Amino acid sequence: MSILIGNIRLPLEASEEDAFAAARKKCELPGSAVKKAHIYRASIDARRGHITRVLSVLLELGSEEAEAAAVQRIGKPDVRLKKPVQEPVPTGTQRLEHRPVVVGFGPGGLFAAYVLAKNGYRPLVIERGQAIDSRDRAVEAFAAGGAFDPHSNIQFGEGGAGAYSDGKLTSRINDPLSEFVLRTFVEHGAPEEILYRAKPHIGTDILKQVVRRMREDIIRMGGEVRFGCALTGIVQRGGALAAAVVDGQEIPCERLILAIGHSARDTFEYLHAQGVYFEPKPFSVGARIEHLQRDIDRGLFGKLAGHPALPPAEYTLSHREDGRACYSFCMCPGGQVVAAQSEPDSIVTNGMSYHARDGRNANSAIVVSVDPSDFPTADALGGVAFQRQIERQAFRVTGSYQAPCQRVGDFLEGKTTRHAGNVRPTYPIGVQYGTLEGILPDFVVRQMQNGLRVFGRKIRGFDAADALLTGPETRTSSPVRMTRLENRHSRQISGLIPCGEGAGYAGGILSAAVDGIGCAQEILQNFCPLEERRD
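Below is the structure:
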């Protein structure tokens with residue numbers, strides 16, 4: 001039996017042993033009753049100018065007597081039973097005539113394929129981009145000023161867009177499969193700390209290696225991964241999926257998990273034209289803000305900024321006014337702003353950081369919510385058209401893949417920026433100083449201005465004149481939702497299973513991975529593994 005003891009507050013300098021002792025005291029158990037102790041969750045509370053560590057401790061009990069004593073404590077404040085992680089297992093009995101197909105190899109597709117392969121279903125994975133090593137070369141070449149590759153970039157390729165991010169694993173979902181995802185990452189090389197940190201992250205440098213190892217495992221377990229192949233359509237008969245069309249070739253299948261991400265716009269168009277139901281979905285747009293990391297540390301940690309026990313400071317900010325939200329998104333401590341377009345002659349920014357988070361600048365997106373009433377067309381792909389307008393206008397303004405950049409002080413005063421101040425931009429291709437007005441819609445600019453003034457009152461210096469805004473940021477989430485039924489199938493086509501962020505059912509690495517597992521479970525619950533078939 002394992003029990004969790006939460007809300008253990010200790011000084012910053014406290015050791016793990018101090019935490020274990022506090023946990024035993026809180027549930028009134030002697031040290032002899034505990035077989036093993038682990039830090040289960042750890043965070044920093046820096047509110048009100050006083051910094052403490054806030055911990056949850058997992059105690060594994062070593063005897064029936066200890067378990068009987070612990071049962072008396074369960075249900076009391078901060079003490080609960082820890083249930084074991086349940087792995088997905090096959091329960092179906094029907095036959096699959098063909099192996100399942102997974103389209104897209106981001107977090108949703110990766111975990112769908114991994115669970116299927118682990119349970120004997122030998123999935124075929126189709127990914128339009130390249131394997132991580134080839135993808136790295138294309139991304140690095142573009143960042144150095146080379147040609148843009150529309151097939152292999154920060155949006156497309158092994159690992160999806162999440163492979164070039166902070167590797168953040170925070171999520172608003174409360175699904176028991178989240179722990180399975182984290183443990184799978186650790187088994188493939190992620191740092192063990194992601195199991196207990198309140199805001200876990202892997203870092204793009206480590207995450208790419210983890211993804212590669214998971215792909216190697218999928219292949220070892222009987223799966224197949226084809227890179228450089230795009231889904232160009234589907235075949236249906238009588239409302240049921242019959243085949244995937246990949247670069248014009250039909251691949252028969254009864255189940256297809258569609259995990260194409262939020263930027264596969266041509267695939268959206270192919271599928272919509274073939275009757276797959278789409279609806280426009282709200283998302284957010286704005287720009288990346290950069291500060292010196294040391295200034296964010298000071299703003300949040302005060303005089304303790306720089307203390308060796310403290311991580312680089314993170315923030316989450318939001319402000320609502322006139323029916324719209326302005327908020328920070330995808331905060332990357334010690335990170336950099338990156339070029340994240342998926343189409344030529346357009347500009348899209350995003351943020352990333354390595355595991356160490358030791359870069360000079362902090363960055364996050366400052367974005368404003370938009371909804372279908374803001375889109376230029378009322379059809380299902382109106383949000384895509386809205387994104388394209390902004391991205392292409394940014395390219396027209398700079399005349400290149402250099403990104404528009406404006407100092408926050410100038411942005412708040414409606415002035416054109418001529419040069420940077422103390423904060424230097426990290427966008428690798430280079431920036432052109434100027435204004436974001438005329439690129440972002442006027443209502444977005446106004447709401448960002450209002451939000452930045454509010455955020456400056458929450459974190460001292462957040463609205464500092466020398467902070468930089470580099471934009472545009474338009475890919476915060478999918479602009480469409482492929483609505484699905486309770487069994488996760490598409491509304492119109494049985495056997496087609498929309499999955500993850502591109503389908504509008506996830507919002508980050510962890511939630512997309514969990515959704516991918518859920519989509520794989522639809523197959524596990526209805527069909528027996530291919531390895532168990534007897535022809």
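The sequence shown lines up with residues 1 to 535 when you count with my numbering. Note that CB positions come from ideal geometry on N, CA and C, so glycine has one too. Please read these numbers as outputs of a predicted model, since none were measured by experiment.
A Cβ-Cβ separation of about 5 Å places K281 in contact with G504 under the 8 Å criterion.
V367 places its beta carbon less than 7 Å from that of S284. Within its own chain, the residues whose Cβ lies closer than 6 Å to the Cβ of P428, once the five positions on either side in sequence are excluded, are A143, listed in chain order. By the criterion of at least three beta-carbon pairs nearer than 8 Å, the region 367 to 380 is not in contact with the region 408 to 422.
For the 7 Å CB-CB criterion, V85 and E179 form a contact.
For F443, the three-state secondary structure derived from DSSP is helix. The beta-bridge partner set that DSSP reports for R183 is empty. Under DSSP, P376 forms no beta bridge with any residue. P107 sits close to G160, with the two beta carbons spaced by under 7 Å. For L292 and A362, the gap between their C-alpha atoms comes out near 6 Å.
For V85, the secondary structure class from DSSP, reduced to helix, strand or coil, is coil. By the C-beta criterion, the region 39 to 56 is judged to be in contact with the region 190 to 198, since at least 3 inter-stretch pairs fall below 8 Å.
By the criterion of a C-beta distance shorter than 7 Å, V423 is surrounded in its chain by E290, H291, L292, N361, D466, A467, L468, once the five residues flanking it on both sides are discounted. By the beta-carbon neighbour count (other beta carbons within 10 angstroms, threshold 16), H50 is exposed. The way I'd put it, the region 346 to 358 doesn't touch the region 452 to 460; fewer than three beta-carbon pairs between them come closer than 8 Å.
The C-alpha of V384 lies about 6 Å from the C-alpha of P479.
Sequence-distant partners of P344 (beyond 5 residues in either direction) whose C-beta falls short of 8 Å from its own C-beta, in its chain, are F148, P150.
In this structure, the straight-line span from the alpha carbon of R135 to that of S152 is close to 6 Å.
Cβ-Cβ distances below 7 Å link E87 to F180 in the same chain, with the five nearest sequence neighbours on each side left out; the list follows chain order.
At a Cβ-Cβ threshold of 7 Å, R294 and T470 do not count as neighbours.
Sorting M448, E391, G451, K415 by C-alpha distance to the C-alpha of I439 places E391 at the top. Looking at the DSSP output, C326 shares a beta bridge with H319, V368. Within the DSSP secondary-structure output, D45 pairs in a beta bridge with T52. Uninterrupted beta strand (DSSP E) stretches at least 3 residues long and entirely within the region 3 to 49 occur at 34 to 45, given in chain order.
DSSP, read as helix, strand or coil, puts S494 in strand. In terms of Cα proximity to Q525, the closest of V89, S15, G62 is V89. Here N363 carries a strand assignment [DSSP, helix/strand/coil]. Bridge pairing for S284: S369 [DSSP]. Look at the beta carbons and you see the region 480 to 489 not touching the region 220 to 231: under three pairs across the two are nearer than 8 Å.
Distance from the CA atom of D358 to the CA atom of S165, rounded to whole angstroms, is 15 Å. Per the C-alpha coordinates, the member of A14, H38, A33 positioned closest to L4 is H38. In the DSSP assignment, I218 falls within the unbroken alpha helix (DSSP H) covering 204 to 220. Shown here for A19: same chain residues with a beta carbon closer than 7 Å to its own, the five before and five after excluded, namely I8, L10, I39, L55, V57 in chain order. Contact between I219 and V103 is absent: CB atoms are separated by about 17 Å, not below the 8 Å threshold.
By the neighbour-count criterion, in which 16 or more other beta carbons inside 10 Å mark a residue as buried, T377 falls on the exposed side. A straight line joining the alpha-carbon of P425 with that of A23 spans about 46 Å.
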